[in-house]
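Have a look at the structure below, then the notes.
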Amino acid sequence: MKVEPFTPGTSPFPPLSPERIAAAKARHGEAVDRYLECLHIGDPLADALTLCFDTLPPGGGMKMLNLALEEGIGAVKDAPDELRALFAELDRVPLWVDWDRMRHASAKICRNGFLVALSFAAYALPHSYLANGNKPLAFTAELLNATPLRFARTARFVVETFYPQGLRRDADGFKWAVLMRMMHARARRQLLQSGQWDCAVYGLPINQAHMAMNTVFFSFYVLKGMQRMGVRFTAQEVESILLTWRYVGYLFGIHPEMVYTSEYEAQRLLDIGFSLEFDPDEDSRRLCQSMMEAGPAFLKIDDPRLAQWEINLVYAMSRHLLGDGLADQLGFPPARHRWLGHAFMACVHGSEWLPFLVPAAVRNFMGMEFWLDMSDYDSVPLAEHTPSGPPA
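Going by the numbering used here, the sequence shown opens with residue 54, and the numbers climb by one from there.
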């Protein structure tokens with residue numbers, strides 16, 4: 054008998070319930086067992102280094118990490134074994150990394166800065182805010198009050214990652230990926246020490262399964278959202294973007310078997326994850342509202358009327374991309390501004406087919422200029438200390 058997968062918010066059973074596990078196993082077999090195991094696995098190398106840093110004088114660990122990033126592990130005098138182990142992995146470039154192919158990803162993402170950001174906010178992030186993957190952010194209240202800053206950091210990471218050759222060993226994209234990996238490890242440790250985190254219910258904070266799912270959301274789902282908005286991709290561009298994110302997953306410490314290598318594998322991982330968990334809950338609604346309300350500040354919009362127009366546009370686009378069912382469960386306002394989404398998509402579609410009609414200044418703003426402006430490139434530091442919580 055064919056077993057249909059659950060989609061977000063459609064299961065009558067709570068996340069990780071026996072009924073959902075049985076339904077997922079009927080469809081995917083032992084892969085479900087591996088997913089469930091990964092819910093309780095963090096990042097052994099980064100977690101060990103975080104423990105090591107806690108034994109050092111304040112700031113000493115980050116000083117060594119930054120020196121290793123800038124000059125190599127050999128420049129760190131008396132480097133602890135944990136730091137050497139991490140960089141032994143980081144300095145080894147996997148055989149499948151192809152820098153020439155990844156340049157196609159750089160070109161596409163840099164040309165479509167605004168649309169990438171819109172797809173990220175309207176489609177990818179709402180999925181990443183579903184339970185139980187949303188709990189690290191939900192348990193860290195101060196992050197909800199710093200949403201524009203988190204978005205600026207995320208935008209800066211995108212700039213560095215997709216800048217041509219941005220993930221090379223000496224490039225800032227590589228350094229940001231490592232710093233974000235350590236940020237995840239620090240947040241994991243803080244949540245476990247808080248006394249509020251229930252591993253039996255949520256798994257480990259920022260675990261392997263949820264990191265793998267977020268990699269799909271922030272890559273495959275960003276592409277999917279852009280395609281639904283009318284952006285066209287060649288097979289070569291899709292392949293190069295997925296390859297870039299595969300390497301990002303490697304730098305983040307995600308186990309190779311949990312990092313997808315094709316659209317099929319990405320969809321299979323989503324099927325498993327949605328069958329088991331990732332439902333909208335009150336934390337999902339709170340996070341989405343915080344994100345939507347932070348849009349004008351992130352975009353530096355001061356005029357109240359223009360700010361409300363921007364919020365209405367993102368809500369309309371998000372409802373269009375997510376569908377009314379999930380949008381309603383996420384607490385989105387009624388679809389009074391649905392026309393905004395359709396009008397915007399018509400403009401995107403027209404610009405794809407008739408690019409010569411788009412003024413050069415608009416093309417520049419919609420591309421790399423958007424990323425540089427929105428990331429506060431000159432004011433968001435690369436590394437002064439380990440950030441205290443997960444991004445976006």
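Even glycine gets a Cβ: it sits at the ideal position worked out from N, Cα and C.
Are residue i and residue j close, meaning C-beta to C-beta below 9 Å?
{"i": "D336", "j": "A191", "result": "yes"}
{"i": "G95", "j": "F106", "result": "no"}
{"i": "F66", "j": "F204", "result": "no"}
{"i": "G306", "j": "A99", "result": "yes"}
{"i": "L168", "j": "M279", "result": "yes"}
{"i": "F271", "j": "A177", "result": "yes"}
{"i": "Q320", "j": "H157", "result": "no"}
{"i": "A360", "j": "G376", "result": "no"}
{"i": "M282", "j": "M345", "result": "no"}
{"i": "Y274", "j": "S172", "result": "yes"}
{"i": "R338", "j": "G384", "result": "yes"}
{"i": "H81", "j": "D324", "result": "yes"}
Given this structure, state the Cα-to-Cα distance separating residue i from residue j, to the nearest angstrom.
{"i": "A101", "j": "A265", "result": "20 Å"}
{"i": "Q342", "j": "A128", "result": "46 Å"}
{"i": "G326", "j": "R234", "result": "22 Å"}
{"i": "E72", "j": "K78", "result": "10 Å"}
{"i": "V367", "j": "P387", "result": "13 Å"}
{"i": "R241", "j": "P189", "result": "8 Å"}
{"i": "E135", "j": "I259", "result": "20 Å"}
{"i": "H438", "j": "M117", "result": "With a pLDDT of 45 at H438, under the threshold of 50, the predicted position of this residue should be treated as unreliable, though the coordinate-derived value follows. The straight-line gap from Cα to Cα measures roughly 11 Å."}
{"i": "N365", "j": "R154", "result": "38 Å"}
{"i": "E142", "j": "D356", "result": "48 Å"}
{"i": "F227", "j": "T297", "result": "12 Å"}
{"i": "P147", "j": "G62", "result": "38 Å"}
{"i": "P68", "j": "I126", "result": "42 Å"}
{"i": "A75", "j": "A170", "result": "37 Å"}
{"i": "R239", "j": "N187", "result": "17 Å"}
{"i": "K161", "j": "T108", "result": "44 Å"}
{"i": "V269", "j": "L232", "result": "20 Å"}
{"i": "D223", "j": "R389", "result": "49 Å"}
{"i": "E292", "j": "K353", "result": "34 Å"}
{"i": "A174", "j": "L104", "result": "34 Å"}
{"i": "G166", "j": "A208", "result": "10 Å"}
{"i": "P179", "j": "L374", "result": "11 Å"}
{"i": "E57", "j": "A184", "result": "Caution applies to E57, whose pLDDT of 46 falls short of 50 and renders its modelled position unreliable; the model cannot decide the point."}
{"i": "H395", "j": "E363", "result": "15 Å"}
{"i": "R137", "j": "P111", "result": "20 Å"}
With a threshold of 9 Å between beta-carbons, can residue i be considered close to chain B, or not?
{"i": "A253", "result": "Looking at the structure shown, chain B is missing, and only one protein chain is on hand."}
Is residue i helix, strand or coil when you go by DSSP?
{"i": "D381", "result": "helix"}
{"i": "M121", "result": "The question names Met, but residue 121 is Ala in the sequence shown. Three-state DSSP puts A121 in a helix."}
{"i": "D151", "result": "coil"}
{"i": "A388", "result": "coil"}
{"i": "A132", "result": "coil"}
{"i": "D144", "result": "coil"}
{"i": "D332", "result": "strand"}
{"i": "K353", "result": "coil"}
{"i": "G114", "result": "helix"}
{"i": "D100", "result": "helix"}
{"i": "A253", "result": "helix"}
{"i": "L69", "result": "coil"}
{"i": "G95", "result": "coil"}
{"i": "G127", "result": "helix"}
{"i": "L109", "result": "coil"}
{"i": "S343", "result": "helix"}
{"i": "G348", "result": "helix"}
{"i": "S337", "result": "helix"}
{"i": "S371", "result": "helix"}
If distances are taken between C-alpha atoms only, which option among the options comes closest to residue i?
{"i": "S28", "options": "L322, L89, R80 and A160", "result": "Missing from the structure shown is residue 28; the chain here goes from 54 to 445 and no further."}
{"i": "Q382", "options": "T297, R164, D334 and Y368", "result": "D334"}
{"i": "R221", "options": "M117, H395, P110 and L122", "result": "L122"}
{"i": "V212", "options": "P201, T200, L202 and W229", "result": "W229"}
{"i": "L340", "options": "W152, P201 and P309", "result": "P201"}
{"i": "Q249", "options": "T193, V231 and R239", "result": "T193"}
{"i": "P217", "options": "D151, H237 and R239", "result": "D151"}
{"i": "S315", "options": "Q261, A399, R299 and W392", "result": "R299"}
{"i": "E124", "options": "P133, F140 and P111", "result": "F140"}
{"i": "E330", "options": "V291, G384, H263 and E363", "result": "H263"}
{"i": "W149", "options": "H395, E363, R372 and L295", "result": "L295"}
{"i": "R87", "options": "P309, Y274 and S64", "result": "P309"}
{"i": "F215", "options": "R164, S181 and M236", "result": "R164"}
{"i": "Y182", "options": "H93, S247, N267 and E83", "result": "N267"}
{"i": "N119", "options": "V401, D225, F397 and H237", "result": "D225"}
Kindly provide the ranges of any alpha helix (DSSP H) runs that are 4 or more residues long and lie completely inside the region 260–325, ordered along the chain. 261–269, 275–282 and 288–304
Can you list, in chain order, the stretches of the alpha helix (DSSP H) that have 4 or more residues and sit fully within the region 150–231? 152–164, 166–172, 178–181, 188–191, 194–197 and 200–215
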